[in-house]
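Take a look at the structure set out below.
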Amino acid sequence: MCIWFSLHLAWYQSSVLKPNTDVGRSNREILRPPNSKSKQTETRPINIKIDVNIYRPRHPCTLETPPPPAKACPSIMGLFRNREERLPVYERTRAGSPSKERYSDDEDYYASSDEYDAYPVRSNGSSRNTSGSLGSGMPMLPKRRQATKIASVYPYRLPTKVTRYLCFGIGALLFLMIFSLIRASQVENWKVASGTSEHRPVPPPPVWERFPFLERYYGGIRTLLPFHQSSPEYPKSNDPIPSGESAQGERDTPTSLSWNEYPTRAQESDMIECFLDAAGKVRIPSVRYFEGRPKGFPRNVVGSYELFDLPEEVCFERFGRFGPYGFGYSLKNGGLGTGEGGENSGSADVWKDTHRVDFRDVDWAEAQRRCYSANMNRFVEVPAKASSAHGFYIQDSAAPVASLAKRSLNETEEVVAGTDGTDAADAIVKADKPKTEVAKKARTAVVIRCYDEYLFREDDMASLRSMITELSLASGGRYDVHLLVQVKNDAQHPIWADHDAYEKRIQDTIPQEFRGLVTLWTETQMLSIYQGIYDLYTRGPDLPVHGVYRGLTMAMQHFAYQHPEYEYFWQWEMDVRYTGHYYDLFSKIEQWAKAQPRKNLWERNARFYIPEVHGSWEDFSQMARIQNEMGTLNPDTLWNKAPGLKDDPDKASKPRKMVWGPQRPEDNDDWYMPGDDPKPPHGGPEKDRNVWGVGEEADYISLNPIFDPDGTTWLLKDDITGFNRTNGNPPRRANIITTSRMSRRLLLTMHKMTAYKKQFAFPEMWPATVALQHGYKAVYAPHPVYVDRKWPLEYMASIFNGGRDGSSGGARNSVYGDREHNLRGLSWFYNSGFGPNLYRRWLGLKVNNDGGEEFEKTADASKEGGSVGSMPGGEGRMCLPPMLLHPVKEVELPVEEPAEEGAQVPEFDPGS
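Counting from 48, one number per residue, gives the positions in the sequence shown under this note's numbering.
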């Protein structure tokens with residue numbers, strides 16, 4: 048009630064009791080200072096703060112002062128009592144002094160004089176016009192000035208409840224904004240740290256991209272010069288090669304030579320010649336080469352021809368290399384139907400001595416079987432084929448008899464199972480040769496991996512034909528070529544449930560001439576064989592450990608288990624090309640690896656060999672030994688001896704010990720059959736005179752350095768499972784690109800470690816890791832590799848071997864990982880850009896609008912050379928020395944339109 052009364056009184060004073068014009072004028076006259084002049088025209092409205100004890104409001108109608116309320120709240124009555132009674136004595140005297148009159152501010156209440164004058168004039172005889180009441184000596188204390196606002200300025204005030212909710216809403220909004228900013232900052236920091244940020248600043252181009260391109264790779268056969276007179280553009284010569292002058296000076300196409308005439312080629316002794324047909328009449332023409340190199344052709348920067356005795360002073364063009372395998376003649380004649388156009392001067396020499404071969408009816412599986420059968424006495428006897436059927440079969444009663452017969456003859460009779468899968472019981476032959484005969488050779492399988500949806504193009508078919516001919520037929524059956532094909536969707540193609548489905552999938556996806564070479568496999572098959580592996584999912588759930596990306600060596604392991612007739616297995620890929628002769632390459636690499644001593648072998652394996660910087664192979668081997676023993680200065684070791692820093696005994700920058708024998712994991716439970724591992728000679732490496740390992744076949748041959756992934760930024764360095772990793776990862780090594788040769792011993796060890804110990808690693812790390820842990824002989828073969836730009840050689844060596852102790856791995860500044868982009872300009876790397884471009888130009892195709900038929904035939908006089916795009920051309924077909932190229936994918940060659948169904952195709956005459 049009291050609160051209501053106070054509010055009502057405030058409203059009454061502010062709105063009802065507004066004085067009229069006369070009253071306002073009377074008040075102004077009363078409150079004007081004595082010396083001021085009264086001018087009615089200049090009067091201003093003032094706000095009078097009235098003490099309710101002195102002045103009581105009048106009634107709005109009668110203008111009489113109403114009587115006080117009959118009943119009032121005690122608290123309100125206390126507020127309206129005489130202020131003089133409530134003041135102390137000294138304040139009363141001061142308040143009653145007429146000289147201490149308080150003049151009100153006339154702008155606090157009224158907005159303007161116009162608003163004040165709007166009231167009607169009242170009677171001057173009213174008590175409101177008396178000035179004695181205010182001018183008397185009645186005590187009036189100065190009241191604290193209160194800023195009373197005009198109602199018209201703030202017409203409405205929000206309710207407290209609404210204001211409270213509004214404040215809560217604004218606070219919640221601010222909290223959400225702050226939280227969102229903090230969370231966004233954390234997410235962005237995580238993306239930057241993990242390298243997945245979409246808004247990262249574009250890094251500057253790598254240093255190697257600033258180096259100028261080499262142009263003389265694209266010279267033609269019309270500029271051929273002897274090797275020692277070819278003046279290589281790089282790495283020795285810095286002068287530009289005037290390609291235009293050389294093109295104008297020598298126009299005649301030289302004559303090519305048969306590979307059978309090359310004096311230092313690798314060849315088999317006591318070999319019976321193999322043919323394509325069962326009658327023994329169809330020979331495959333020999334590949335042809337040119338002596339010398341195109342003028343200014345650069346030299347290789349990595350690896351060596353001299354080490355392997357590979358032909359360095361010759362080169363191959365596309366007709367001499369692939370003409371014997373169908374390149375250059377039509378489909379109706381049994382060729383590939385490509386290569387007939389373009390620059391082809393001198394290409395007819397390929398078929399000068401041997402007729403073109405009709406490949407339409409060739410069965411390469413049968414050709415390999417016939418070749419092996421003709422030369423089987425040269426090789427180690429083939430053991431019995433592993434049985435794939437289990438259980439009781441009534442017709443197999445003769446199988447145990449064969450086994451008993453073999454043991455009863457006390458090794459005077461042998462079981463020989465051919466590659467065609469003949470039963471062991473039908474293959475018992477007597478070994479009537481003396482025991483003093485020459486040691487027989489082991490056989491090797493070349494396993495080429497692909498998948499069932501792979502599109503076989505003309506270039507792929509020419510490459511496969513060349514591998515089978517040059518490895519299997521030219522070696523007298525020492526090598527067999529297989530196709531290991533993955534069926535990607537075995538749910539749609541149930542090849543394990545129905546043999547007909549198995550054969551149908553081969554017929555639907557593989558060209559007819561290669562169907563007999565195929566072995567199918569699936570990811571679910573590997574999952575059933577190698578159960579129980581703990582998957583780390585290092586590349587996410589879409590790439591499981593049994594998949595083709597992370598588990599392709601599982602298929603090789605199982606393939607080796609199923610094929611005991613082979614002692615060694617080359618793992619090859621469909622996108623690898625070699626411009627030379629395959630048998631010459633494989634056999635010479637294997638011979639060189641066999642001659643390598645084990646001392647400092649792993650240290651040499653870990654480094655790129657750059658002859659222009661490292662010198663001879665002996666100098667390089669000595670450098671690797673010293674760097675490994677003494678260590679090198681690199682970013683990891685730069686501050687080791689800085690004042691105030693203590694040496695960390697466990698720091699990875701300390702020089703490491705030489706690898707000598709097996710390097711086993713710390714946990715003994717991680718060992719698998721250590722008793723079967725090779726043992727190093729007594730006395731340690733100090734007493735070895737580079738004897739141990741010489742003449743021993745290599746269990747693992749890689750075509751890239753075998754580096755230590757520990758400490759590097761390589762993405763898959765930790766993709767190893769099945770080991771106790773409490774104190775870190777086990778000893779391991781890696782080799783980028785899975786193309787390599789593995790022994791059956793190594794593959795079976797990998798197979799059993801995966802099956803029994805559940806141990807496995809990424810395919811590029813697993814074979815080398817098993818070889819390291821079991822002490823097997825592993826060798827990196829530094830084959831010739833070319834580069835597309837003019838690198839400073841010392842800088843190249845520091846980048847490529849920028850890891851720990853001068854190696855290619857073992858430290859964060861290794862070339863493997865974040866710095867792999869430096870290898871994209873090489874002719875041999877998994878994501879090389881130079882290798883496939885060079886190969887396409889060699890086939891006569893255009894790349895980046897350079898090359899092609901017109902470039903090979905006609906010289907452009909307006910171009911003077913100096914870069915790849917400004918070469919004048921007119922030098923004929925490109926000619927490349929023997930080199931490995933990777934990756935070469937999806938080469939689209941211009942092909943003639945196949946004949947319509949029902950059209951008559953002229954019969955091919957081999958004698959035409």
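Note that CB positions come from ideal geometry on N, CA and C, so glycine has one too.
Quick caveat, the model's predicted, so the values are computed rather than measured.
Q | Where Ser845 falls: helix, strand or coil (DSSP) | A | Ser845 falls in the helix class under three-state DSSP.
Q) Can you find a CB in chain C that lies within less than 8 Å of the CB of Pro712? A) Here there is only one protein chain, and chain C is not present.
Q | Environment of Pro747 [buried if 16+ CB atoms lie within 10 Å] | A | This sequence places Tyr at residue 747; Pro is not what is there. The residue in question, Tyr747, is buried, as its Cβ has 16 or more Cβ neighbours within 10 Å.
Q) Taking the alpha-carbon positions, what's the Gly370 to Glu570 distance? A) One Cα belongs to Gly370, the other to Glu570, and the distance between them is close to 38 Å.
Q: Would you tell me roughly how many angstroms separate the C-alpha atoms of Thr760 and Asn884, rounded to the nearest one?
A: For Thr760 and Asn884, the distance between alpha carbons rounds to 28 Å.
(Q) Considering Cα atoms alone, identify which of Ser854, Asp717, Asp735, Glu320 is closest to Leu518. (A) Nearest to Leu518 by alpha-carbon distance, out of Ser854, Asp717, Asp735, Glu320, is Glu320.
(Q) Using only the alpha-carbon positions, how far apart do Pro358 and Glu338 sit? (A) Those two C-alpha atoms are separated by around 10 Å.
Q) Which residues mark the beginning and the end of the alpha helix (DSSP H) in which Gly629 is found? A) A quick correction: the sequence has Tyr, not Gly, at residue 629. Its alpha helix (DSSP H) spans residues 629-641.
Q: Can you check DSSP and say which residues form a bridge with Ile767?
A: In the DSSP output, where bridge partners are listed per residue, Ile767 has Ala808.
Q) Taking just the CA atoms, how far does Asp356 sit from Ala642? A) Using only the alpha carbons, I get a separation of about 13 Å.
Q: Counting only the same chain and skipping the five closest in sequence on each side, list residues whose C-beta sits under 8 Å from that of Asp865.
A: The residues are Thr760.
Q: Round the Cβ separation of Leu892 and Phe881 to the nearest angstrom and send it over; I've been treating them as touching at under 8 Å.
A: Contact doesn't hold; Cβ gap of about 15 Å is too wide.
(Q) Spatial neighbours of Gly386 within its chain, please: C-beta separation below 6 Å, excluding the five flanking residues on both sides. (A) Excluding sequence neighbours, Gly386 sits near Phe374, Gly375.
Q: Note down the Cα distance separating Met677 from Pro727, rounded to an integer number of angstroms.
A: Each residue's Cα considered, the two are about 24 Å apart.
Q | Exposure of Asn848, with buried meaning 16 or more beta-carbon neighbours within 10 Å | A | Classification for Asn848: buried.
Q. How big is the Cα-Cα spacing for Leu840 and Arg792?
A. Just so you know, the alpha carbons of Leu840 and Arg792 end up roughly 39 Å apart.
(Q) Please state the DSSP three-state secondary structure of Arg597. (A) In this structure, Arg597 counts as helix in the three-state DSSP scheme.
Q) Whose C-beta lies closer than 6 Å to the C-beta of Asn751 among residues of the same chain, with five residues either side of it excluded? A) Here the set comprises Asn782, Ile783, Ile784.
Q. Per the contact definition of three or more C-beta pairs closer than 8 Å, is the stretch 847-863 in contact with the stretch 235-244?
A. No: fewer than three Cβ pairs fall under 8 Å.
Q. Would you say Val623 and His933 are within 8 Å of each other, going by their C-beta atoms?
A. In this structure, His933 lies closer than 8 Å to Val623 by Cβ.
**Q.** Stretch pair the stretch 909-924 + the stretch 260-268: three plus CB contacts closer than 8 Å
**A.** The stretch 909-924 makes contact with the stretch 260-268, as at least three CB pairs between them are under 8 Å.
Q) Helix or strand or just coil, what does DSSP make of Val660? A) Val660: helix per DSSP, three-state reduction.
**Q.** Helix, strand or coil at Gln572 [DSSP, three-state]
**A.** Reduced to three states, the DSSP call for Gln572 is helix.
Q: Would you tell me roughly how many angstroms separate the C-alpha atoms of Met514 and Phe807, rounded to the nearest one?
A: Between Met514 and Phe807, the alpha-carbon positions lie close to 31 Å from each other.
Q. According to DSSP, is Lys214 helix, strand or coil?
A. It is worth fixing the name first, because residue 214 is Cys in this sequence and not Lys. Reduced to three states, the DSSP call for Cys214 is helix.
Q.
Can you tell me which residues form a DSSP beta bridge with His529?
A. BP columns for His529 point to Val494.
Q) Going by C-alpha distance, which of Ala802, Leu323, Ser575, Arg346 is nearest Leu261? A) The residue with the shortest Cα to Cα distance from Leu261 is Arg346.
(Q) Just to confirm the assignment, what range does the alpha helix (DSSP H) spanning Ile748 have? (A) Careful: Ile748 lies outside any alpha helix (DSSP H), inside the beta strand (DSSP E) at 747-749.
Q) For Gly267, which three-state DSSP category applies? A) Judged by DSSP in its simplified three-state form, Gly267 adopts strand.
Q.
Could you give the first and the last residue of the continuous beta strand (DSSP E) run that contains Met789?
A. From DSSP, the beta strand (DSSP E) with Met789 extends over 787-790.
(Q) Would Tyr630 and Ser522 be called neighbours here (beta carbons separated by less than 8 Å)? (A) Result yes, Cβ atoms of Tyr630 and Ser522 sit closer than 8 Å.
Q. According to DSSP, is Pro248 helix, strand or coil?
A. DSSP places Pro248 in coil when its eight states are reduced to three.
Q) Which value, in whole angstroms, describes the spacing of the CA atoms of Val209 and Leu228? A) Within the model, the alpha-carbon separation for Val209 versus Leu228 is close to 29 Å.
(Q) Going by DSSP in three states, Ser519 sits in which element: helix, strand or coil? (A) In the structure shown, Ser519 sits in a helix (DSSP, three-state: H, G or I).
Q. What number of angstroms, rounded off, separates the C-alpha of Ser351 from the C-alpha of Gly662?
A. Each residue's Cα considered, the two are about 11 Å apart.
Q. What are the start and end residues of the alpha helix (DSSP H) that includes Glu900?
A. It spans 900-904 - the alpha helix (DSSP H) in which Glu900 sits, taken as one unbroken run.
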